[in-house]
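Take a look at the structure set out below.
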DNA sequence: CTGAAAGCGCTTACAG
DNA sequence: CTGAAAGCGCTTACAG
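Residue numbers (the UniProt record's numbering), protein chains in the order written: chain A, 1 to 347; chain B, 1 to 347.
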């Protein structure tokens, strides 16, 4: 005999009583409860997860599906762990375990998710790196399992998501540069297929349009999350009939390569080329001149996602404001010295 | 009626047959199997995880416990995701799910682990950041659940671990510096309580002793995983009666701060101070002069850990060479220009 | 090759 | 406040 039955026998009570005592059911005599709790503690007993889940119909766990591609996992810009920190704290406070579920880039992410969902392995799910068209969202909706995505998608319609305010960031950056006198503003966009790339690029176009500036496809540079992906675009930016005088970076780490290439050409960031980075990062903080960028708290992003999920889960929903939550997290500008009026003085 | 029962009824077979077909039991008529498989596929049916685990006594999942502290999760030096990449690939190939289990620094890591273990939530466990004395190891041993640690510990005795060859790295670095003529060699060590700090420091002492060099406690600098933690130690290193002429860095990112401070003082890395970094990192790769460092593959480390675990798990052990595996993964030196003969020419 | 039935270790109405 | 018993959804000897 093992598990709860063994504990019950040793204590001379029924398994029902042990179960109630352990689960905080109020209908248990105080002395009995203490006896049970003490014994469980002493013997290191905890209810078997599988049996518990089967009986209760809930797992008390939440999955966070992330995709592993070598480019990002080994990047200095990898930021999901900071987000996990916030998620974990909120979920733990509500008695939920966070299971980070890594899906290899090489396997189909739909099938991967489907397995966890159809097996009932989690009570809720957080998805990252949403695509513009993302079948995972419809999968989650038809599964009935509460979920929230980190990032928007055109799929699914009215579901909960948390995303960064790319539009706000871009508007602020372009406003600032235009205010400094720039007219030829370039941009880098991620070279992967996540939806944020599309959103960032669209916000760029919209912001230019707001200022009556022409959109030039040749000023849009897809880059990877790599320091050296910045350097190679500098020449293309400057050596043209109408050179760009400013650039907005999706991956701020690429500033490192840009600074190097500028230095090689005897040029100075902020004077010969204005640079604004998207997400202020540790690895870039030590560049001189300091990169003008946008700041955000990664744990706060995780916290927001976890809350949006809890608001949908049966056990926790009552404590949260109801319904679907769709929120863009604003970022604040951190002025540096990497931008300023164009050297040519064009205005 | 739901789950397997519903599927069975629809197909006009017993649940036993459905179960066998789905689990690849050979004792199933081919036509029957195909019928079942087709229906399961069509209806998106997958066996309930909890029921399956309860009946089988195994979860087909492996946990990787990592500790979240804000310093490391937001560091550009965070490297566990690269390791996860390798783990996940190996485990998936053997039909095992990898659950990354984040434990907040603020909660007790022993209790955290105990919950997952005593509940039977995983079939195997990988532990990171082992301490010199680490009660988790005895916990795992008494649980009977296969486990492997990323990092050594004095606890537990003969269990499986994978660790980096800190001794080899240190010996190579010191040999190289001594060969260049250095006699006063400083070192940075991590300021946390993980065992690798102790090992690194001990290897430093041993390597000095091998060359008959005196150990000077004042040349040992605890640092965090932060770029700016390098700069502050430069002055202490140089402004003393017998200045250090070389330094070996545990966290290579701190080289960034060191380079900056040296530049401020009009000094040159590799000439006025020789620098060797431990783990070659993306964020440091663009420093000039290039930092001499040691290279390793993060996914390979994960692969090794996963294999060491599989070798202990009942279902997979037969395919692996048996027994306890304790392995130090070697790193290879990548020469840069950040070290060389001391400027004073002392020999 | 297939089915009826027991059993995995819990939780929870139900009855007292 | 407590216990006997059913039930959660599977898997797997056992019998045929």
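All residues carry an ideal CB built from backbone N, CA and C; glycine is no exception. All of these numbers come straight from a predicted model, not from anything done at the bench.
Near residue i, which residues of its chain fall below 7 Å by C-beta distance, leaving aside the five closest residues on each side in sequence?
| i | result |
| --- | --- |
| residue 3(A) | 48 |
| residue 162(A) | 148, 150, 301, 304, 305, 308, 327 and 329 |
| residue 243(A) | 184 and 237 |
| residue 255(B) | 230, 249, 275, 277, 284, 287 and 291 |
| residue 191(A) | 222, 223 and 224 |
| residue 22(A) | 36, 40 and 47 |
| residue 347(B) | Model confidence at residue 347(B) stands at a pLDDT of 34, short of 50, so the residue's coordinates are unreliable; what they give is reported in the following sentence. Excluding sequence neighbours, residue 347(B) sits near 181. |
Step through the CB atoms of chain A and report whether any lies within less than 7 Å of the CB of residue i.
| i | result |
| --- | --- |
| residue 78(B) | yes |
| residue 84(B) | yes |
| residue 74(B) | yes |
| residue 96(B) | no |
| residue 341(B) | no |
| residue 338(B) | no |
| residue 322(B) | no |
| residue 264(B) | no |
| residue 49(B) | yes |
| residue 318(B) | no |
| residue 81(B) | yes |
| residue 250(B) | no |
| residue 88(B) | yes |
| residue 40(B) | no |
With DSSP as the reference, please indicate the residues paired to residue i in a beta bridge.
| i | result |
| --- | --- |
| residue 63(B) | 99(B) and 125(B) |
| residue 156(A) | Per DSSP, none; premise fails for residue 156(A). |
| residue 106(B) | BP columns for residue 106(B) are empty, so no partner. |
| residue 277(A) | 249(A) |
| residue 186(B) | 247(B) |
| residue 222(A) | 189(A) |
| residue 163(A) | 328(A) |
| residue 269(B) | 273(B) |
| residue 148(B) | 126(B) |
| residue 74(B) | DSSP lists no partner for residue 74(B). |
| residue 292(A) | 276(A) |
| residue 348(A) | Nothing about residue 348(A) can be reported from this structure: the residues present for chain A run from 1 to 347 only. |
| residue 194(B) | 131(B) |
Quick one: does residue i have its CB under 7 Å from some CB of chain B?
| i | result |
| --- | --- |
| residue 256(A) | yes |
| residue 179(A) | no |
| residue 119(A) | yes |
| residue 346(A) | With a pLDDT of 41 at residue 346(A), under the threshold of 50, the predicted position of this residue should be treated as unreliable, and no value is reported. |
| residue 67(A) | no |
| residue 205(A) | no |
| residue 102(A) | yes |
| residue 348(A) | A query on residue 348(A) cannot be resolved here, the shown segment of chain A reaching from 1 to 347 and no further. |
| residue 312(A) | no |
| residue 240(A) | no |
| residue 99(A) | yes |
| residue 151(A) | no |
Between which residues of its own chain and residue i is the CB-CB distance below 8 Å, once the five residues before and five after are set aside?
| i | result |
| --- | --- |
| residue 46(A) | 40 |
| residue 311(B) | 160, 317, 320, 321, 322, 323 and 325 |
| residue 214(B) | 208 |
Below 6 Å CB to CB, which residues in the same chain sit around residue i once its five sequence neighbours on both sides are set aside?
| i | result |
| --- | --- |
| residue 261(B) | 231 and 234 |
| residue 174(A) | 207 |
| residue 53(B) | 59 |
| residue 20(A) | 28 |
| residue 101(A) | 63 and 65 |
| residue 203(B) | 166, 167 and 170 |
What distance in whole Å lies between the Cβ atoms of residue j and residue i, which are believed to be in contact at a cut-off of 8 Å?
| i | j | result |
| --- | --- | --- |
| residue 119(B) | residue 198(B) | Not confirmed; about 32 Å, so no contact. |
| residue 298(A) | residue 79(A) | 6 Å |
| residue 110(B) | residue 136(B) | 6 Å |
| residue 282(B) | residue 223(A) | About 15 Å; that fails the 8 Å criterion. |
| residue 338(B) | residue 294(B) | That belief does not hold up - the Cβ atoms of residue 338(B) and residue 294(B) are roughly 13 Å apart, past 8 Å. |
| residue 246(B) | residue 273(B) | 7 Å |
| residue 180(B) | residue 280(B) | Contact doesn't hold; Cβ gap of about 19 Å is too wide. |
| residue 189(A) | residue 226(A) | About 14 Å; that fails the 8 Å criterion. |
| residue 313(B) | residue 123(B) | 6 Å |
Return yes when the C-beta of residue i is under 6 Å from any heavy atom of the ligand NAD, and no when it is not.
| i | result |
| --- | --- |
| residue 310(A) | Ligands in the displayed structure: none, and consequently the ligand NAD is not present. |
Say whether the region 82 to 94 of chain A touches the region 67 to 87 of chain B, bearing in mind that this needs 3 or more beta-carbon pairs closer than 8 Å, one atom from each stretch.
-> yes
State whether the region 152 to 170 of chain A contacts the region 230 to 242 of chain A, with contact taken as three or more CB pairs (one from each stretch) at a distance under 8 Å.
-> no
With a cut-off of 8 Å, do at least 3 Cβ pairs link the region 204 to 222 of chain A to the region 185 to 192 of chain A?
-> yes
The region 217 to 227 of chain A in contact with the region 155 to 163 of chain A per 3-pair CB rule at 8 Å = no
The region 51 to 66 of chain B touching the region 92 to 107 of chain B, judged by at least three CB pairs closer than 8 Å = yes
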